[in-house]
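Novice: Below is a structure I'd like to ask you about.
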């Protein structure tokens, strides 16, 4: 453990990856502090889009200080990036549609039309975009990538997975048995998002996956998104089934079918051989 700590922070007098990770978090805190003060002064609520901008700015500054391009963190913004974003969106749809289908076929839920208006749906989609960009930049960006460089993929995966769970512990409904099921789901999802970066060396795939999973779960299907209710096209009605099976108000992230689905996708991301395009992208 001591050797790992030394490897993160100390080497031949050079600035080590651990210090860059710490500087990234410190810079976010330094930017967020004035933002909170100004928001209170002018009555503006800090949105997820605001947080995404703050984390983006911190990423740009750190990369400038490292004299490295931002594309090292995000991936090069080109046609390949857009294709990965779209593929991630398809996987995100599958991630939530599959457990919803299992619950429907099993007779544990039925569906009614949601009551959302078009403008509220648009606002919800924009919120999900802000969440996906902010959280992926924070958890799979500079912090994750510097830890990978310092200690390797899986120690970084575990550390960021635990941190990802920690940031969700205060969400509505995160108590009792739900905390266990949701915590396991969220940790596994963090590993999946991390593997999406590791496989591609780009944030396009994890952003697309994260964004569409939240949109399908909340805006389309009407389940809670990490305990938060969103305007939706559909409204699931729960029959007499345990919350560990359906996820209850917390959402599919706290359900057994949800955990199995994310586990299958995670296993595939680890075990499937890399394609030639993935190898080329990882070497870029």
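Residue numbers (our numbering): 366 to 649. The beta-carbon is built from N, C-alpha and C at its ideal position, and this holds for glycine as well.
Please list, in chain order, all residues of the same chain as residue 420 whose beta carbon is under 7 Å from its beta carbon, the five residues on each side excluded.
Specialist: 393, 499, 502 and 503
Novice: Where residue 399 and residue 411 are concerned, what is the direct C-alpha to C-alpha distance, given to the nearest angstrom?
Specialist: 11 Å
Novice: Out of curiosity, what's the CA-to-CA distance linking residue 609 and residue 620?
Specialist: 5 Å
Novice: When DSSP builds the beta bridges, which residues end up paired with residue 438?
Specialist: Answer is none; residue 438 lacks a bridge partner.
Novice: Would you say residue 423 and residue 389 are within 8 Å of each other, going by their C-beta atoms?
Specialist: yes
Novice: Return the CA-CA distance between residue 616 and residue 432, expressed in angstroms with no decimal places.
Specialist: Straight through space, the alpha carbons of residue 432 and residue 616 are spaced by roughly 42 Å.
Novice: Tell me whether residue 648 sits in a helix, a strand or coil according to DSSP, three-state version.
Specialist: A caution first: residue 648 carries a pLDDT of 42, below 50, which makes its placement in the model unreliable, though a value can still be read off. Residue 648 falls in the helix class under three-state DSSP.
Novice: Starting from the Cα of residue 474, find the closest Cα among 511, 587 and 446 and give me that residue.
Specialist: Closest by alpha carbon: 587.
Novice: So within the region 592 to 628, which uninterrupted alpha helix (DSSP H) runs reach at least 4 residues, ignoring any that extend past its ends?
Specialist: 608 to 611
Novice: Does the contact criterion of 3 or more C-beta pairs under 8 Å hold for the region 467 to 486 versus the region 556 to 570?
Specialist: The region 467 to 486 is not in contact with the region 556 to 570.
Novice: Below 8 Å, how does it come out for the region 485 to 497 and the region 595 to 612: are there three or more Cβ pairs, yes or no?
Specialist: yes
Novice: Which residues in the same chain have their Cβ closer than 6 Å to the Cβ of residue 385, if we skip the five residues on either side of it in sequence?
Specialist: 511
Novice: Quick one: using the 10 Å Cβ neighbour count with 16 as the cut-off for buried, is residue 429 buried or exposed?
Specialist: With fewer than 16 Cβ atoms within 10 Å of its Cβ, residue 429 is classed as exposed.
Novice: Pull the bridge partners of residue 689 from the DSSP assignment, please.
Specialist: No statement about residue 689 is possible, as the shown extent of the chain runs from 366 to 649 and does not include it.
Novice: Rounding to the nearest angstrom, what Cα-Cα distance links residue 614 and residue 602 in this structure?
Specialist: 11 Å
Novice: Do you know how far the Cα of residue 435 is from the Cα of residue 618?
Specialist: 32 Å
Novice: Kindly give me the distance between the Cβ atoms of residue 549 and residue 456, rounded to whole angstroms, as I take these residues to be in contact under 8 Å.
Specialist: So it is not a contact: roughly 20 Å between Cβ atoms.
Novice: Are there 16 or more other CB atoms within 10 angstroms of the CB of residue 444, so buried, or fewer, so exposed?
Specialist: exposed
Novice: Excluding sequence positions up to five away, which residues of its chain have a Cβ less than 7 Å from the Cβ of residue 580?
Specialist: Shown here for residue 580: same chain residues with a beta carbon closer than 7 Å to its own, the five before and five after excluded, namely 490 and 493 in chain order.
Novice: Alpha carbon to alpha carbon, how far is residue 538 from residue 518? Give it in angstroms, no decimals.
Specialist: 32 Å
Novice: Quick check: the Cα distance between residue 315 and residue 477, rounded to an integer number of angstroms?
Specialist: Lying before the first or after the last residue shown, residue 315 is absent from the chain, which here runs from 366 to 649.
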